[in-house]
Each structure stands twice: as structure tokens, then as C-alpha cells.
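As they're listed, the protein sequences go chains A and B.
Under UniProt numbering, think of the first position of the first sequence as 1, with each following residue one higher.
Under UniProt numbering, think of the first position of the second sequence as 1, with each following residue one higher.
Below: the structure, in C-alpha cells.
There are 2 protein chains.
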Amino acid sequence: MMGIRAQQKEKTRRALVDAAFNQLSAERSFSSLSLREVAREANIAPTSFYRHFKDMNELGLTMVDEGGLTLRQMMRKGRQRAEAGGSVIRISVETFMEVLESNPNVFRILLHERSGTSAPFRAAVAREIEHFISELAHYTEATARRSPELARAQAEALVTLVFNAGAAALDMKRVDRKILADRLVIQLRMVAKGAECLQQKMENR
Amino acid sequence: MMGIRAQQKEKTRRALVDAAFNQLSAERSFSSLSLREVAREANIAPTSFYRHFKDMNELGLTMVDEGGLTLRQMMRKGRQRAEAGGSVIRISVETFMEVLESNPNVFRILLHERSGTSAPFRAAVAREIEHFISELAHYTEATARRSPELARAQAEALVTLVFNAGAAALDMKRVDRKILADRLVIQLRMVAKGAECLQQKMENR
DNA sequence: AAATTGAGCGTACATCTGTGCGCCAATTTA
DNA sequence: TAAATTGGCGCACAGATGTACGCTCAATTT
Numbered sequence: 001m002m003g004i005r006a007q008q009k010e011k012t013r014r015a016l017v018d019a020a021f022n023q024l025s026a027e028r029s030f031s032s033l034s035l036r037e038v039a040r041e042a043n044i045a046p047t048s049f050y051r052h053f054k055d056m057n058e059l060g061l062t063m064v065d066e067g068g069l070t071l072r073q074m075m076r077k078g079r080q081r082a083e084a085g086g087s088v089i090r091i092s093v094e095t096f097m098e099v100l101e102s103n104p105n106v107f108r109i110l111l112h113e114r115s116g117t118s119a120p121f122r123a124a125v126a127r128e129i130e131h132f133i134s135e136l137a138h139y140t141e142a143t144a145r146r147s148p149e150l151a152r153a154q155a156e157a158l159v160t161l162v163f164n165a166g167a168a169a170l171d172m173k174r175v176d177r178k179i180l181a182d183r184l185v186i187q188l189r190m191v192a193k194g195a196e197c198l199q200q201k202m203e204n205r
Numbered sequence: 001m002m003g004i005r006a007q008q009k010e011k012t013r014r015a016l017v018d019a020a021f022n023q024l025s026a027e028r029s030f031s032s033l034s035l036r037e038v039a040r041e042a043n044i045a046p047t048s049f050y051r052h053f054k055d056m057n058e059l060g061l062t063m064v065d066e067g068g069l070t071l072r073q074m075m076r077k078g079r080q081r082a083e084a085g086g087s088v089i090r091i092s093v094e095t096f097m098e099v100l101e102s103n104p105n106v107f108r109i110l111l112h113e114r115s116g117t118s119a120p121f122r123a124a125v126a127r128e129i130e131h132f133i134s135e136l137a138h139y140t141e142a143t144a145r146r147s148p149e150l151a152r153a154q155a156e157a158l159v160t161l162v163f164n165a166g167a168a169a170l171d172m173k174r175v176d177r178k179i180l181a182d183r184l185v186i187q188l189r190m191v192a193k194g195a196e197c198l199q200q201k202m203e204n205r
């Protein structure tokens, strides 16, 4: 059991993380947040921030980690739905868009810091996305008898397209998001179909 | 003819733009530059900055415009080379990587501000990239008899993959860039081949 | 030759930032 | 019950930032 003291600490720590997430938006990136702003939003004194995080970077990396968690939950959800049958691509895109919509700021930090100015951040995001890619590559390799290299290239392309669409979808209204999602499905099918063709071509010689 | 006075003005204006470009790096984005830093690097007083730009945003948009110019020059160069024959995809990727290598900071601002926090910036970059996409879509529509919708989706996918690879290539050594470029070529072929298949499928019913 | 213009500078100011220091009060430990 | 720990606070400071204002002086116009 957690002492009343540790509970309170955990509570304000969450308040800090939540405050940071809540300040994110289309026009506000994590790196543009100041320690004081976050502390203000969390209703603590600026100096109290240090009781929880060494600096803003540490807070940010914590947030990226939570993003990774969301990503993995999303994968699980997608896999469950796919088991019920239907177009894997379509189901995956739908799942992605749903999760994106209910956790916009989690994706904001992932998508933005992926190409941000902090090497540790980029590495952390890359690591999370790498999960995605390798899992996908493994799946394709197994179910479609794809060669490892081709499976890898295919998975990368798919993930690139999905995340890119995600970044674009973040600031769209529902209607436009639907159009985007439909186009994304087509693009993913292109990659899948094309990979299949390339695979056959390689086998026939 | 330009008076000696206008010449001098143009000269320090360029100094400002160049100073800003030169400060960009993997760990330094445009939005993290301060007016004073840029002025310092350009060897002018901070307040003199205003003789040339209303604020940092205006400077940034100027830089994005120059980026658009670079992009269009790249397209021309690629088209010329492609006329000589050979794999269009491979030639395009090679051209892209060359231009990327010799103008890293031009691409930095394009690639970063594409998903940045300033709506005007995002719009400006999107406009430049849209050139790319529509030109490519038109080309595919004409030479491969692709339907407009499919051509558009295909072009978008291609451009997404290319620019994404470009962002990743920016901070790589030459060797890794080569590997990346080869994989990119494969991915682009997937899209091209897949689009072809989808097109045929649509026609056969 | 005289008057006007304008690029560039220095000073100044209000505002914001991160963070060191010492205190308090409540919880935890001894 | 006494002592130690620690989350949270206020104060204070140095440094950086954007920008308003007014000056200078060379180029340009009249």
C-alpha cells in the first residue's frame, strides 16, 4: 500500500504531466512550453517542479513513453478487431483514426518530436515507432510469405504513410478526416499489392 | 540599375537570411531562433532587423519561399536527367538526395515547419509540396493512363515517402543515406506497381 | 547647394525565463 | 513522543528577449 504522502506526490506528478499534455495544440508544441507555464497550469510553484522532474526534458520523455503505451494499446485493439475478419487494412486505419481522435495530444508529441530538435526525443519516438514497424514486418513475413527485406521495406512504407496521414488528420474536421482515411486505405493497398508483385517477380528467376 | 543604397540594403537582407539558414541544424529549428541571435550572426544591431522584416515570421516565410524555389529547380533537374532515359524512380531519388545534401538547411526548414506550430508556415510549405504532388499526378495520369483519383493518391504516397526519407536522411552519414535511398526506391516501386494493379482491377469490371 | 530620406545604431524598459536558497508543515521513521 | 524526511512555497537573481525611441550620417532628391 502507498502511504498518504506518496499518493499526494503521485497526484501532483500526474497533474504536471496532464498540464503539459493539455497545453499542447496545433499551435503549441512541447518544446515551446516553459517550465513555469506547466507549473502554473498544474497549480504548483515553479520551483516545486523539480521535486518531480530534473528538467523539462525529463517530463517530455515521460510523455513520449506514455505515447508508446498508447501505441501498444492501439495495436492490441487493432489485432482484436482484425481477428473478427474483414479487411485488415481498413480495420487498422479505422482503429488508428479512432485512437488518434481520442488522444490527439499524445500523437501530437509523438508526431512532432519525431522530427524535433532534441536527439533523445527523436530516439525515444523512433524506438516506439520501431515496435510498430517490426511487428508489422513480422506479421507480413509470416502471413504473406514475404522475404525479410521486402517485408521490412513494406512495413516501413505502410507506417510512414499511416503516421503521415495521422499528422495531417490531427487538425481536420471529421468529414475531411474521413476523406483522408479513405485515401490512406487506397495508398496502403497500393503498397501491399505492389510488394506482392515485387515478391513474385523476385521468385520467378 | 540599383542605387548603391539599395544594393547595400539587399546585401544585409541577404546576410539576415543567410544567418538564419546557417543557424539551422539537427538541434536547432527555425522557431527556436531568436531575432537577436539572427541579428547577431548577421552583424547588425537587433533593432536594425526591422528595417528588413516585420518580425521573425516574415523572415521565416521568406526562407520557405526560397525552399520552394529549390524544390522547383530540383524538379527541373530531375526531368532533364530523366529524359536521357533510365529508371525514372531511381533518377528522381538520386536527384533528390543530391539536392538534399547540398541544401540541407533549406530542407530542414521545409521538413520541420511542415508540421510546425505556425499555421501560415504550414500553409506555405503545404503549397510548395502541393506543386510537387500535382505535377507528379499529372505526369502519371498522362504517361500511365491512370485515373485522376488514383493518380492523385499515388502521387501523394510517393511524395510522402520521399519527403519522409529526406527528413531521415538529413542527419545521416553518406553510407546510411545510400542504404536509405535504395530502400526508398523499393518502396516507391511498390507504390507504382500497386497503383498499376489497382488501376487494372478497376478497369476489369 | 540645400533638403529629405532611410539604414543602422545605442540605450532603455518591461517581461519572461530557469533555478538557487531557505523556510514551513505534515508525514514518516526511530 | 522526539527526530528526521520531504513536498511545496516565496523570494531573489541574473540573463535573455522583443521592441519603442531618438540619433547619426551617407545616399538620394529637389
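From the three backbone atoms N, C-alpha and C, an ideal C-beta is built for every residue, glycine too.
Integer-rounded CB distance, given that residue j should sit under 8 angstroms from residue i
i, j, result
"I109 of chain A", "G67 of chain A", "6 angstroms"
"V185 of chain A", "V93 of chain A", "5 angstroms"
"F96 of chain B", "L170 of chain B", "About 12 angstroms separates the two Cβ atoms, so there is no contact after all."
"L180 of chain A", "A168 of chain A", "6 angstroms"
"T160 of chain A", "T160 of chain B", "7 angstroms"
"R81 of chain A", "I89 of chain A", "That belief does not hold up - the Cβ atoms of R81 of chain A and I89 of chain A are roughly 12 angstroms apart, past 8 angstroms."
Residue i classed as buried or exposed, judged by whether at least 16 other C-beta atoms fall within 10 angstroms
i, result
"Q187 of chain A", "buried"
"G78 of chain A", "buried"
"M172 of chain A", "exposed"
"L69 of chain B", "exposed"
"Q154 of chain A", "buried"
"N164 of chain A", "buried"
"G194 of chain A", "buried"
"N204 of chain A", "exposed"
"E149 of chain A", "exposed"
"T143 of chain B", "exposed"
"V140 of chain A", "Residue identity check: residue 140 of chain A is Thr in the sequence provided, not Val. Buried, since its Cβ has 16 or more Cβ neighbours within 10 Å."
Chain B contact for residue i (CB, 8 angstroms cutoff)
i, result
"residue 212 of chain A", "The structure shown does not extend to residue 212 of chain A, since chain A is modelled only from 1 to 205, so the question has no answer here."
"residue 209 of chain A", "Examination of residue 209 of chain A is not possible in this model, given that chain A is present from 1 through 205 alone."
"E156 of chain A", "yes"
"V125 of chain A", "no"
"residue 208 of chain A", "Coverage of chain A is limited to positions 1 through 205, which leaves residue 208 of chain A absent and any answer about it impossible."
"H138 of chain A", "no"
"L161 of chain A", "yes"
"E10 of chain A", "no"
"L100 of chain A", "no"
"L61 of chain A", "no"
"I91 of chain A", "no"
"M97 of chain A", "no"
"S118 of chain A", "yes"
"S115 of chain A", "yes"
Alpha carbon of residue i to alpha carbon of residue j, nearest angstrom
i, j, result
"E37 of chain A", "I44 of chain A", "10 angstroms"
"F30 of chain A", "A20 of chain A", "8 angstroms"
"residue 227 of chain A", "S34 of chain A", "Chain A is shown from 1 up to 205; residue 227 of chain A falls before or after that span and cannot be answered."
"G166 of chain A", "A6 of chain B", "46 angstroms"
"A124 of chain B", "V64 of chain B", "7 angstroms"
"M2 of chain B", "A137 of chain B", "42 angstroms"
"L71 of chain B", "R127 of chain B", "12 angstroms"
"M158 of chain B", "E83 of chain A", "According to the sequence displayed, residue 158 of chain B carries Leu and not Met. Computed Cα separation, rounded: 31 angstroms."
"F53 of chain B", "S87 of chain B", "44 angstroms"
"R76 of chain B", "R152 of chain B", "20 angstroms"
"Q23 of chain B", "L111 of chain B", "16 angstroms"
"E156 of chain B", "R28 of chain A", "27 angstroms"
"R51 of chain B", "K9 of chain B", "9 angstroms"
"F49 of chain B", "E41 of chain B", "12 angstroms"
"S25 of chain B", "S32 of chain B", "11 angstroms"
"P46 of chain B", "K11 of chain B", "17 angstroms"
"G162 of chain B", "M190 of chain B", "For the record, residue 162 of chain B in the displayed sequence is Val; it is not Gly. Approximately 13 angstroms between the Cα atoms of the pair."
"N105 of chain A", "E113 of chain A", "12 angstroms"
"E182 of chain B", "A39 of chain A", "Note on identity: in this sequence residue 182 of chain B is Asp, with Glu being the wrong assignment. Cα-Cα distance, rounded: 47 angstroms."
Below-8 angstroms beta-carbon distance, residue i vs any chain A residue
i, result
"A15 of chain B", "no"
"Q23 of chain B", "no"
"G194 of chain B", "yes"
"L111 of chain B", "yes"
"L190 of chain B", "According to the sequence displayed, residue 190 of chain B carries Met and not Leu. Answer yes: the Cβ-Cβ gap between M190 of chain B and chain A drops below 8 angstroms somewhere."
"R28 of chain B", "yes"
"I133 of chain B", "no"
"I186 of chain B", "yes"
"R183 of chain B", "yes"
"N164 of chain B", "yes"
"A153 of chain B", "yes"
"L198 of chain B", "yes"
Touch test, the region 11 to 20 of chain A against the region 82 to 101 of chain A, Cβ-Cβ under 8 angstroms, three pairs minimum: no
Inter-stretch contact (C-beta, 8 angstroms, three-pair minimum) for the region 184 to 203 of chain A and the region 125 to 138 of chain A: no
At least three beta-carbon pairs within less than 8 angstroms, the region 110 to 125 of chain A to the region 47 to 63 of chain A: yes
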